[in-house]
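Below is one structure; the comments refer to it alone.
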Amino acid sequence: MRSARVAVLVGTKGRGSNMAALARAGQSGAMPASVVLVVAPRSTTPALETAAELGVPSVVLDWKAEGYPAALLSALREAEADIVCLAGYMTLLPDVVLAAFPGRVLNIHPALLPKFGGKGMYGHHVHEAVLAAGEPESGASVHLVTPVYDEGEVVVQLRCPVEAGDTPETLAARVLTLEHKAYPMAVAEVWSRARGS
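If you're matching positions, the sequence shown starts at 1 in my numbering and goes up one per residue.
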């Protein structure tokens, strides 16, 4: 079975640690896939530097630009992507892309969905909400993307305890290590499904 070709759509601010985890998992053979393209919304996106260090091609496409949906779909097709992964991508994915990759678009979320998901639940907001609710555990969820934020099927979910004295920062660090494990696992599962095995 050939390995999957993965495109990662990153956000404006992050260094791309989930993208890097996916790329390294593919390069080491730990995941039956390789990252073939990183799409960023701005040329100043820090994740572009990380992609370059890992030897992953990248393209800059502004979410707000007219014609963005068609340009994004064209870039994904040109890269011959099989799976699309979102990592810090902070806008709804165009319907045309969802339609072109049915059951093959994934997003990572730093909590145990369906709890603490939905619009506005990202980054430190999630960890603050988990702590404020007094949850005994948190974790990372990788889910299929639908037109509604964080509502697709959860493919992989890994858990960790919330410890006494946790801050949003300490909890985020613990969850991030789970994210880096969960995303390659989810890509492998989705590729297995797509190949019918």
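The beta carbon of each residue, even a glycine, is placed where N, CA and C say it ideally should be. Given the structure is predicted, the values throughout are model-derived calculations rather than measurements.
key: V145 - DSSP class collapsed to helix/strand/coil   = coil
request  = Examine the Cβ distances between the region 7-19 and the region 75-94 and report whether three or more of them are shorter than 8 Å.
outcome  = yes
request  = Decide if V148 is buried, meaning its Cβ has at least 16 other Cβ atoms within 10 Å, or exposed.
outcome  = exposed
task = Pull up the DSSP beta-bridge partners for V154, would you.
result = H143
ask   = Looking only at C-alpha atoms, which of L22, R195 and P57 sits nearest to L106?
value = L22
query = Just checking my contact of A51 with G16 at CB under 8 Å: how many whole Å lie between their CB atoms?
reply = 7 Å
request  = Below 8 Å CB to CB, which residues in the same chain sit around L73 once its five sequence neighbours on both sides are set aside?
outcome  = P94, V96, V97 and A100
ask   = How close, in whole Å, do the beta carbons of A7 and V39 come, if the pair is a contact with beta carbons under 8 Å?
value = 6 Å
query = L144 to H109, Cα distance in whole Å?
reply = 11 Å
query = CA-CA distance, R42 and G26?
reply = 25 Å
inquiry  = Rounded to the nearest angstrom, what separates S138 and T45 at their Cα positions?
reply    = 28 Å
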